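For the protein sequence lines, the chains are A and B, in the order given. Numbering of the first sequence is given in UniProt numbering, commencing with residue 1 and proceeding in unit increments. Numbering of the second sequence is given in UniProt numbering, commencing with residue 1 and proceeding in unit increments.
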Amino acid sequence: MTDRNPKLLIEANGVSKQFANGTQALKNVSLTVERGEVLCIIGPSGSGKSTLLRTLNALEEISEGDIQVNGHSVHNRKVDLNRLRTQVGMVFQQFNLFPHMTALENVMLAPLKVLKQPEAEVRARAEQLLAKVGLADKAQSHPAQLSGGQQQRVAIARALAMKPSIMLFDEPTSALDPEMVGEVLEVMKALALEGMTMCVVTHEMGFARAVAHRVLFMDHGEIVYQDAPAAFFDAPRNERLKTFLGQILKN
Amino acid sequence: MSSSAKKPTDRVSWVWHGVYALVILAIGASLYFASKRIDYSWHWERLPEYVISTEGEEIRASFDGFVEISEDGKTLTMTEMKGSGRETFSGFSQVLVGQGDLVFQNDVLARKPGIRPGPLLIGLWLTLKISAISLVFALPLGLIAGLGRVARNPAARNLATTYVEIIRGTPLLVQIFIFYFFIGTVLQLSAFTAGVAALSVFTGAYVAEIVRAGIEGVARGQMEAARSLGMSYPQSMRYVILPQALRKTLPPLTGQFINLIKDSSLVSVMALTDLTKAGREVVSSTFSPFEVWFSVAILYLLLTGSLSLLVRRLEKRLAHD
Ligand SMILES: Nc1ncnc2c1ncn2[C@@H]1O[C@H](COP(=O)(O)OP(=O)(O)OP(=O)(O)O)[C@@H](O)[C@H]1O
Ligand SMILES: [Mg+2]
């Protein structure tokens, strides 16, 4: 703890994860994320990208290693997980909006119930956030009445309502029709420009190249290679990554 | 195009409605002829009296004594046989005793006019009351047990599982006997309380399974999204999972309540005059078992049918939200 670099928001050391059925999803993974950094994670299906992201806010337990977020050990039994999770926003591939609530109520729920902030304040902030993701006019709509792109933008607003210090995105555009991918990436890009710390699992190479400070390649539960986007995409010094990028370009 | 495509399906469906009516008619006719063969004389006219009684209220003697009727026949005076008590009645429509008769305590002297619920209706009311009260207790019990079934805590999970398995693995009639004769005696419960307790505990176990299925039917991502926002497990359940789960459980819950109404007929083994017990009593005073049991069945159907109708309305309204 004493030699911790204060710039580091996330510090994962030697993390391994084995599922109950024996699948080894993460093998000795170490990772750091600095404040204000945008990190993109790519890799083939089943390589452990989602699992890695989900261990960062303890949605998934780990078998070995240690993960620190803001200096708190996430997988320590004594840590107040609920408080820690308020600092880590998460956006899911399937949006996971609460279908029985309006967009506004989705954004307001956690600040009201977890942070116990006064309703007027929460409402004002929720309306601001919906405006920020371009959905001021959809505040009273239920998720079923929104397009996929709109739902994902509400989900981003919902996570931001907790004022997290880092945002985790797990393939936020993979479930979207192609014409809606852009609007979600725009919101994420704006967020990155504001200086939000972000970990983004994505297949959108264009986004990674344009927005990321660092890109990370995972395969078979390991971080195989990481570099700044220009070097990563244009001159990868790793055979597995070369093959992977080659396959992607073909499609 | 749509109108030409529609017509043949319409005609086909009318054919099947006709088939339905024919089958029902055939069953009705065979019932009728079957009853002819056993030489049963139907007396439907006796039945209405047991649903809604026009006999009026009975006036009974409060002591042993002699009857004295006034000349205009409008007042009746009782004089006590061993003592000096006197009692005067009026406002009746029918006198059932004669001038100077010796009557004993509790004998019926006369009847006041008016309509009253007959024994079958009173039984129906008890059935409705015991089912409704049992439901009120079964719902929270089932909710708690259902939450226990999906809990991560082994103590909660095993307790809930044990409860559900014991209740679902034993006949309701046996449970009612245990509640009535054992628990009811130990805790000095009235028959009604024991009945409510037995039905609540029984229905609670089934409600628990319905609640569990409802919770498990909510997408996994919902709990994860709620937890990722920092909500605790109870908060996530209360604000995110249960509102979705309970909406889905409305149809099976209605089914369970309808079962409850029907199962409540088993409390007639205790000293409770529900609709079934009332039916039995009416049979013994009318000797018309067929009419009585058909009527009892229709009364149950009325109760359960209107309930399904009500819930179907409610569901439509919920679906519109
Ligand atoms: N709950 C689970 N139980 C058992 N195995 C799991 C579970 N979740 C994931 N796995 C396995 O762990 C490995 C890593 O899965 P993960 O979802 O992290 O991959 P991913 O890189 O996110 O893939 P994708 O691009 O398809 O989302 C896979 O082999 C997967 O089958
Ligand atoms: Mg994944």
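Glycine residues also receive a C-beta, built at the ideal position from the N, C-alpha and C atoms. Predicted model, so just to flag it, every value in this text is computed and none were measured.
Inter-residue Cα distance where the pair is residue 178 of chain A and residue 98 of chain A: 24 Å
Helix, strand or coil at residue 30 of chain B according to DSSP, with G and I counted as helix: helix
CB of residue 217 of chain A within 8 Å of CB of residue 244 of chain A, strictly: yes
Limits of the unbroken alpha helix (DSSP H) element including residue 239 of chain B: Premise fails: residue 239 of chain B is in no alpha helix (DSSP H) and is neither H nor E.
Segment contact, 8 Å Cβ cut-off, at least three pairs: the segment 145–153 of chain B with the segment 205–213 of chain B: yes
Proximity test, residue 47 of chain A beta-carbon vs ligand 1 heavy atom, cut-off 7 Å: yes
is_contact[residue 240 of chain B, chain A] using C-beta, thresh 8 Å: yes
Residue 253 of chain A: CB within 7 Å of a non-hydrogen atom of ligand 2: Nothing in the structure corresponds to residue 253 of chain A, since chain A is present only between 1 and 251.
Residue 163 of chain A classed as buried or exposed, judged by whether at least 16 other C-beta atoms fall within 10 angstroms: exposed
Length of the line joining the Cα atoms of residue 277 of chain B and residue 69 of chain B: 39 Å
Minimum Cβ-Cβ distance from residue 317 of chain B to chain A less than 8 Å: So no, residue 317 of chain B is outside the interface.
Cβ separation of residue 161 of chain A and residue 103 of chain A, assumed to be a contact under 8 Å, to the nearest whole Å: Not confirmed; about 12 Å, so no contact.
Reference residue 184 of chain A, options A:209, A:250, A:148, closest by Cα: The shortest C-alpha to C-alpha distance from residue 184 of chain A to any of A:209, A:250, A:148 is the one to A:148.
DSSP-derived helix/strand/coil call for residue 1 of chain B: Confidence at residue 1 of chain B is low in this model, with a pLDDT of 42, below 50, so its placement is unreliable and the value that follows should be read with caution. If DSSP states are grouped into helix, strand and coil, residue 1 of chain B belongs with coil.
Separation of residue 172 of chain A from residue 56 of chain A, as counted between CA atoms: 17 Å
Residue 99 of chain A: contacting residues in chain B (beta-carbon distance under 8 Å): Residues of chain B with a Cβ closer than 8 Å to the Cβ of residue 99 of chain A are, in chain order, 244.
Continuous alpha helix (DSSP H) assignments of at least 4 residues falling wholly in the segment 167–244 of chain B: 172–177, 191–217, 220–228, 233–236
Secondary structure of residue 257 of chain B, DSSP reduced to three states: helix
Enclosing beta strand (DSSP E) for residue 169 of chain A [first to last residue]: 166–170
Residue 233 of chain A - DSSP class collapsed to helix/strand/coil: helix
C-alpha distance - residue 310 of chain B paired with residue 250 of chain B, whole-angstrom precision: 12 Å
Proximity below 8 Å, CB of residue 42 of chain A to CB of residue 202 of chain A: yes
Within chain B, partners of residue 113 of chain A - CB distance below 7 Å: Residues of chain B whose Cβ lies closer than 7 Å to the Cβ of residue 113 of chain A are, in chain order, 231, 235, 239.
Beta carbon of residue 31 of chain A nearer than 8 Å to that of residue 48 of chain A: no
Three-state secondary structure assigned by DSSP to residue 133 of chain A: Three-state DSSP puts residue 133 of chain A in coil, outside helix and strand.
Straight-line Cα distance separating residue 191 of chain B from residue 39 of chain B: Spanning the two alpha carbons is a distance of roughly 40 Å.
Within chain A, the residues that residue 224 of chain B reaches when beta carbons sit closer than 9 Å: 54, 59, 90, 92, 96
Run of the alpha helix (DSSP H) containing residue 51 of chain B, from where it starts to where it stops: 48–51
Residues from the segment 162–177 of chain A in contact with chain B, defined by Cβ distance under 8 Å: Answer set for the segment 162–177 of chain A: 162.
Validate contact between the segment 219–230 of chain B and the segment 176–183 of chain B using beta carbons, cut 8 Å, 3 pairs: no
Residue(s) in a DSSP beta bridge with residue 90 of chain B: BP columns for residue 90 of chain B point to B:75.
The segment 285–294 of chain B in contact with the segment 47–57 of chain B per 3-pair CB rule at 8 Å: Output reads yes: the segment 47–57 of chain B touches the segment 285–294 of chain B.
C-alpha gap between residue 125 of chain B and residue 118 of chain B, whole angstroms: Using only the alpha carbons, I get a separation of about 11 Å.
Cβ shell of residue 2 of chain B (< 8 Å), same chain only, five flanking positions each side left out: Residue confidence for residue 2 of chain B is low, a pLDDT of 46 falling below 50, so the modelled location carries little weight; the figure read from the coordinates is stated next. Once the five neighbours on either side are set aside, residue 2 of chain B has no close Cβ partner at all.
Per-residue contacts from residue 221 of chain B into chain A (C-beta, under 7 Å): 92, 94, 96
8 Å Cβ cutoff met for residue 156 of chain A and residue 88 of chain A: no
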